[in-house]
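In full-length UniProt numbering, the protein residues as written are 1 to 67. Note that CB positions come from ideal geometry on N, CA and C, so glycine has one too. The structure displayed is predicted, hence computed values, not measured ones.
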Amino acid sequence: MVISMADIFQIEARGILEGLKLAWMRGFRQVEVESDNALLIDTIRNDFVENSNIVEVRLIHEWCNRD
């Protein structure tokens, strides 16, 4: 089984997304996301999200901008 860089990127994004969902369900509204994947964090924080074809990245951006 060969895992590509895109797969790793998506897996890490899924982990962040699930963590944000869990924190939200437990009542936390201000959380700090940390990752050693600088490209993923830059993609989430900047306007690159709209160009991403990875659904998890767009969902993370939406969760981060919830009220």
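Here's the rule I'm using: 16 or more other beta-carbon atoms within 10 Å means buried, otherwise exposed. How should residue i be labelled?
i, result
"Ala-38", "exposed"
"Leu-17", "buried"
"Ala-6", "exposed"
"Ile-60", "buried"
"Leu-22", "exposed"
Could you please give the first and the last residue of the uninterrupted alpha helix (DSSP H) stretch that includes residue i?
i, result
"Glu-56", "55 to 64"
"Gly-27", "That residue, Gly-27, is in no alpha helix (DSSP H); it is neither H nor E in DSSP."
"Asp-42", "38 to 45"
Got a sec? Which residues, its chain only, sit under 7 angstroms from residue i by beta carbon, not counting five neighbours each side?
i, result
"Ser-52", "Thr-43 and Arg-58"
"Ile-41", "Ser-35"
"Gln-10", "Ile-54 and Glu-56"
Can you list, in chain order, the residues of its chain with a C-beta nearer than 8 angstroms to that of residue i? Leave out the 5 residues immediately preceding and following it.
i, result
"Glu-12", "Ser-35, Asn-37 and Leu-40"
"Cys-64", "Leu-20, Val-33 and Ile-44"
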